[in-house]
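Residue numbers (this note's numbering), protein chains in the order written: chain A, 67 to 183; chain B, 5 to 117. All C-beta atoms in this analysis are idealised placements derived from N, C-alpha and C, irrespective of residue type, glycine included. For reference, the structure is listed below as structure tokens.
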């Protein structure tokens, strides 16, 4: 149980294009999902918290207009990197909280590696 | 504010010898602490978690961690390392509502044959 998937696992795009990454909770309802970014050989940094049916809450320093987050259902959140540039290349990881699990731990997806040429 | 410090960026052990990965935390209240493992190009897997119950927490794959409030530590240990344990390990502290996870900088564990 408590599986989170991400699609795609890898994406390569040209500079200036937009890329959408999906995060799905496969066997539980996730009222809250989280998006992290991991730079090479670095830790994970929380980008935003996504709540179903409402606007995402972004961490300080994260551009809302660049990283669009939509959480349209209890099992799906999407992150769209708009007008991507090479500096956006990174490993993006989502997590989801299963409110039925005691202490509400976060379950992490396998990540999406974005490369912007 | 919450934060964690992982004291070693790299740890190298021989197969069959004990593993110790160190983590110190800072929290303005009684914390919830986690250890996650990340294998190359993979997502994060929960090893164990402390949520104010027993201070010695047993996790998967033979790992365990002890919460020591007096030392503000939550070190991860394993009696005998396996080659498959080679990975990156993250110590994490949560905010009070589990809304925010604060990750340590990670410790890369290398296991030598």
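*Okay, do the stretch 148 to 160 of chain A and the stretch 94 to 106 of chain A touch, 3+ Cβ pairs below 8 Å being the bar?*
yes
*With respect to the beta strand (DSSP E) encompassing residue 70/B, which residues constitute its N-terminal and C-terminal limits?*
As a working note, residue 70/B is residue 66 in the second chain. Its beta strand (DSSP E) spans residues 68 to 72.
*Please report the residue range of the beta strand (DSSP E) in which residue 91/B lies.*
The residue labelled residue 91/B in the question sits at position 87 within the second chain. Its beta strand (DSSP E) spans residues 91 to 98.
*Where does residue 129/A sit, in a helix, a strand or coil, going by DSSP?*
Within the first chain, the letter at position 63 stands for residue 129/A. The answer is coil: DSSP assigns residue 129/A none of H, G, I, E or B.
*asked:* For residue 117/A, list the residues DSSP reports as bridge partners.
replied: Position 51 of the first chain, counted from the first residue, corresponds to residue 117/A. Looking at the DSSP assignment, residue 117/A forms a beta bridge with 98/A.
*Thinking just about the alpha-carbon of each residue, which of 42/B, 98/B, 44/B and 37/B is nearest to the one in residue 69/B?*
Counting from one through the second chain, the residue named residue 69/B turns up at place 65. Taking only the C-alpha atoms, the option nearest residue 69/B is 37/B.
*Which chain B residues are close to residue 172/A, counting only those with a beta carbon under 8 Å from its beta carbon?*
Residue numbering aside, residue 172/A sits at position 106 when the first chain is read from its first letter. What residue 172/A touches in chain B: 102 and 105.
*Give me the Cβ distance between residue 140/A and residue 96/A, rounded to the nearest whole Å; I'm assuming they're in contact under 8 Å.*
Counted from its first residue, the first chain places residue 140/A at position 74. Counted from its first residue, the first chain places residue 96/A at position 30. Confirmed, about 6 Å.
_Sheet register partners of residue 79/B (DSSP bridge)_ = Here residue 79/B refers to the residue found at position 75 when the second chain is read from its first residue. For residue 79/B, which the question treats as bridged, DSSP gives the partners 70/B.
*With a CB to CB cut of under 8 Å and the five nearest residues on each side skipped, what residues in its chain are close to residue 75/A?*
Within the first chain, the letter at position 9 stands for residue 75/A. Hits under 8 Å: 176, 177, 178 and 179.
_Within chain B, the residues that residue 109/A reaches when beta carbons sit closer than 7 Å_ = Here residue 109/A refers to the residue found at position 43 of the first chain. Chain B residues near residue 109/A: 94, 107, 108, 109 and 110.
*residue 176/A CB to nearest chain B CB: under 7 Å?*
Stepping through the first chain from its first residue, residue 176/A is reached at position 110. So, interface residue.
*Apart from the five residues on each side of it in sequence, which residues of its chain come closer than 6 Å, Cβ to Cβ, to residue 77/B?*
Along the second chain, one-based indexing puts residue 77/B at 73. So the qualifying residues of the chain are 28.
*Does the Cβ of residue 33/B have 16 or more other Cβ atoms within 10 Å, making it buried, or fewer, making it exposed?*
The residue given as residue 33/B occupies position 29 in the second chain. Residue 33/B should be labelled exposed.
_Start and end residues, beta strand (DSSP E) containing residue 72/A_ = As a position in the first chain, residue 72/A is number 6, starting the count at 1. From DSSP, the beta strand (DSSP E) with residue 72/A extends over 70 to 73.
*Can you name the residues that DSSP bridges to residue 88/A?*
If you number the first chain from 1, residue 88/A lands on position 22. Paired residues: 73/A and 144/A.
*Are residue 13/B and residue 30/B closer than 7 Å when you measure CB to CB?*
Sequence index remark: in the second chain, residue 13/B carries index 9 (1-based). Sequence index remark: in the second chain, residue 30/B carries index 26 (1-based). No, these two residues do not count as a Cβ contact at 7 Å.
*With residue 36/B as the anchor, note down where its beta strand (DSSP E) starts and where it stops.*
Within the second chain, the letter at position 32 stands for residue 36/B. Here the beta strand (DSSP E) through residue 36/B covers 36 to 42.
*asked:* Pull the bridge partners of residue 55/B from the DSSP assignment, please.
replied: The count along the second chain starts at 1 and reaches residue 55/B at position 51. Per DSSP, none; premise fails for residue 55/B.
*Sort out for me which residues DSSP pairs residue 14/B with in a bridge.*
The residue given as residue 14/B occupies position 10 in the second chain. Paired residue(s): 112/B.
*May I ask you to check if the CB of residue 92/A is nearer than 6 Å to at least one heavy atom of the ligand GDP?*
With respect to the ligand GDP, the structure offers nothing, as it holds no ligand at all.
*Apart from the five residues on each side of it in sequence, which residues of its chain come closer than 7 Å, Cβ to Cβ, to residue 125/A?*
Reading the first chain from its first residue, position 59 is the one you call residue 125/A. Around residue 125/A: 112, 113 and 114.
_Closest residue to residue 9/B among 96/B, 101/B and 117/B (Cα-Cα distance)_ = Along the second chain, read from residue 1 onward, the residue named residue 9/B stands at position 5. Per the Cα distances, 96/B.
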